[in-house]
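Sequential numbering of the sequence shown, starting at -5, is according to my numbering.
Everything below concerns the one structure shown next.
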Amino acid sequence: MTEARNPDLKIVDIKAYATSFPLPKDGNVRLGIGRAVKKDAVVVKVTTAGGIIGWGESHHARAPSTIAKLVETTLKMLVLGEDAANVQGIWNKIYDKQLASHGLGAGTAMAMSGIDMALWDIRGKATGWPLYKLLGGVSKPIAAYAGGISLGFQPPAELIEEARLHLAAGYKAVKLRLGDNPKDDLARVAAIRKAFGDDLVILTDANIGYSVADARTVMPGLDANGVAWLEEPFPAHDYRSYREAKAFGRVPLAAGENHYTRFEFSRLIDEGIVTILQPDLSKTGGVTEVMKIAAMASAHKLPVHPHTSMTGLNMAASIHLLAALDHPGYFEGDVSKNNLFRDVMVNEPYRVDADGNVRPLEGPGLGLEVDEEFLIKHPVIEGPSYV
Ligand SMILES: [Mg+2]
-5 MTEARNPDLK
5 IVDIKAYATS
15 FPLPKDGNVR
25 LGIGRAVKKD
35 AVVVKVTTAG
45 GIIGWGESHH
55 ARAPSTIAKL
65 VETTLKMLVL
75 GEDAANVQGI
85 WNKIYDKQLA
95 SHGLGAGTAM
105 AMSGIDMALW
115 DIRGKATGWP
125 LYKLLGGVSK
135 PIAAYAGGIS
145 LGFQPPAELI
155 EEARLHLAAG
165 YKAVKLRLGD
175 NPKDDLARVA
185 AIRKAFGDDL
195 VILTDANIGY
205 SVADARTVMP
215 GLDANGVAWL
225 EEPFPAHDYR
235 SYREAKAFGR
245 VPLAAGENHY
255 TRFEFSRLID
265 EGIVTILQPD
275 LSKTGGVTEV
285 MKIAAMASAH
295 KLPVHPHTSM
305 TGLNMAASIH
315 LLAALDHPGY
325 FEGDVSKNNL
335 FRDVMVNEPY
345 RVDADGNVRP
355 LEGPGLGLEV
365 DEEFLIKHPV
375 IEGPSYV
């Protein structure tokens, strides 16, 4: 028992699984980044001398084996032998020796995100506390929207049928994919509004599919349909286009899933144009970094709506985070039809209730068990996951 209460948290091994599974050919979701043909993920396993194992997720970056290699080579060599409880010290070491000095930017941020999440999982398992408690939170209902790879470019009648399923599951908000073309995009939004009335919260995501001219055409129509945000009309670094688009309508602009570390969020917040902030725990630098981003957002009275990545690990971690923030936004529920990383690789990461809310898990750390056999049986399939 003493051992369990005082485990040796020295990091003795780090492993990164690049994992994939193909999606059935019929009914692939189409969205602004292409047609989804497979799902990829990078799952990070950190082992301590005392036997506690932590799990985390790095975003796959459409190059999962590359991100896994970075975790298992350079970053592993920096982190082995460190005290797993020293999450900030380990973050700083990776920042000093790799992220800040070698220009690897997004790749390193994604790779270190998975390690950081695993270290928080270890902290929870070492203390017996769920992550939300470690972060200073409490179990409470968190509003969720139907998101993930879903509600894509399909005829309005089919889109209405899909949305109906998500509402039946409890969701009170849905995110539609834009970036096909302004005419069809607006027809889909109008059809959903007409089918479900004014109470449904409609969010939209163009996945960087718009030109400034497209945004000028679409945004008044989004206002007319009471859309609650327009996500990533343009690439993350395209600040000039975001500034121009601000004048085209009232719909709040959202971004952040492709912004890395607090330093990029610092500029995003300072620009004062994007007011819906969407950091991804598996991309921007992990739990440690998103808490700093959330503190900056808090000073500006901006809510944080974390972008959800591929596996149940990120989903569970995002809910823990939201339960600990003073200004939580939405949890992005993953309503994609086929996701083994959500349904098979781990036990149930969340459940949506009849009011459209989720709650954080109660087990120590992230509160999830990972089926390592699943990871071994689903090796990476090289190539892009959207074509
Ligand atoms: Mg998005």
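Beta carbons are placed, not taken as given, at the ideal position from N, Cα and C, and that holds for glycine.
{"Asked": "Contact belief for residue 4 with residue 16 at Cβ below 8 Å, rounded distance in angstroms", "Found": "In fact, because the Cβ distance is near 39 Å, the residues do not count as touching under 8 Å."}
{"Asked": "Span separating the alpha-carbon of residue 23 from that of residue 125", "Found": "33 Å"}
{"Asked": "Close beta carbons around residue 199, own chain, < 7 Å, minus the five adjacent residues each side", "Found": "169, 171, 172, 225, 226"}
{"Asked": "Range of the contiguous alpha helix (DSSP H) that encloses residue 63", "Found": "58 to 64"}
{"Asked": "Any alpha helix (DSSP H) of 4 or more consecutive residues that is wholly inside the segment 24 to 100", "Found": "58 to 64, 70 to 73, 81 to 88"}
{"Asked": "Own chain partners of residue 122 with C-beta closer than 7 Å, once the 5 adjacent residues on each side are dropped", "Found": "358"}
{"Asked": "Through-space distance from residue 268 to residue 235, alpha-carbon basis", "Found": "12 Å"}
{"Asked": "Nonlocal neighbours in the same chain, by C-beta distance under 6 Å from residue 77, ignoring five residues either side", "Found": "3"}
{"Asked": "heavy atom of ligand 1 below 6 Å from residue 156 C-beta", "Found": "no"}
{"Asked": "Residue 92 burial status per 10 Å Cβ neighbour count (16 or more: buried)", "Found": "buried"}
{"Asked": "Cβ-based neighbour list, residue 219, same chain, cut-off 7 Å, excluding 5 preceding and 5 following", "Found": "183, 184, 187, 196"}
{"Asked": "Cβ-based burial, residue 99 [other Cβ within 10 Å; buried from 16]", "Found": "exposed"}
{"Asked": "Start-to-end residues for the alpha helix (DSSP H) that takes in residue 214", "Found": "206 to 218"}
{"Asked": "Helix, strand or coil at residue 3 according to DSSP, with G and I counted as helix", "Found": "coil"}
{"Asked": "Reference residue 323, options 106, 62, 138, 45, closest by Cα", "Found": "138"}
{"Asked": "Rounded straight-line distance, which links the Cα of residue 177 to that of residue 84", "Found": "49 Å"}
{"Asked": "Whether residue 6 touches residue 62 by CB criterion (7 Å)", "Found": "no"}
{"Asked": "Rounded straight-line distance, which links the Cα of residue 212 to that of residue 88", "Found": "42 Å"}
{"Asked": "Beta-bridge pairing of residue 198 - partner residues as DSSP gives them", "Found": "170, 224"}
{"Asked": "DSSP-derived helix/strand/coil call for residue 176", "Found": "helix"}
{"Asked": "Residue 375 - DSSP class collapsed to helix/strand/coil", "Found": "coil"}
{"Asked": "Assigned exposure category for residue 349 - 16 Cβ within 10 Å defines buried", "Found": "exposed"}
{"Asked": "Near ligand 3: residue 174 beta-carbon under 6 Å from a heavy atom", "Found": "No copy of ligand 3 occurs in the structure displayed; its ligands are ligand 1 alone."}
{"Asked": "Euclidean distance between Cα positions of residue 263 and residue 48", "Found": "32 Å"}
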